[in-house]
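*Asks:*
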Amino acid sequence: PSGIRLQQLIQNQHKEILVREKNNDKFIHLYDIDAYWVAFERSAFRLSDIFRQCEITLFCVPSCPEYMVMASVHADEAEVCLSEFIILHDGIYRKVWSEHSLPMGDYRHWHERAVRSVLL
């Protein structure tokens, strides 16, 4: 089930995910949790730009002073749109090439808006 896979992913890999996203300005890091593909932080920003109707979720994780933002999209939809851009496929993890660099200001603004939209 997707919920259990997501819980295990965040519980067991949140540190690795945050390290991947820290300086990520060229890729979308996706994780397959059965019916959905999910992305976090900078990858979530990119995913939400491609899939305007994606679901945004917040998480509190140890060692992260801010909310961790996740975007999710149905696996079938993501597969159709992103499969030709996958450059790495390793179990549940996919690395997808993104054509444009990510300006830090755009990401910070999106992150703040995402947190406010979920909390309000």
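So the sequence shown is residues 4 to 123, counted in the working numbering.
For each residue, glycine too, the CB sits at the ideal point set by N, CA and C.
(1) Per DSSP, what kind of secondary structure is K98 in: helix, strand or coil?
(2) Is H114 helix, strand or coil when you go by DSSP?
(3) Between which two residues does the beta strand (DSSP E) carrying D35 extend?
(4) With a cut-off of 8 Å on the beta carbons, I'd call E58 and A42 a contact; round off their distance for me.
(5) Is the CB-CB distance between K18 and S66 below 9 Å?
*Replies:* So, to answer that:
(1) Looking at K98 - three-state DSSP - the assignment turns out to be strand.
(2) DSSP places H114 within a helical segment (H, G or I) once states are collapsed to three.
(3) Here the beta strand (DSSP E) through D35 covers 30-35.
(4) Contact flag wrong, Cβ pair sits at about 11 Å.
(5) In contact: K18 and S66 (Cβ atoms closer than 9 Å).
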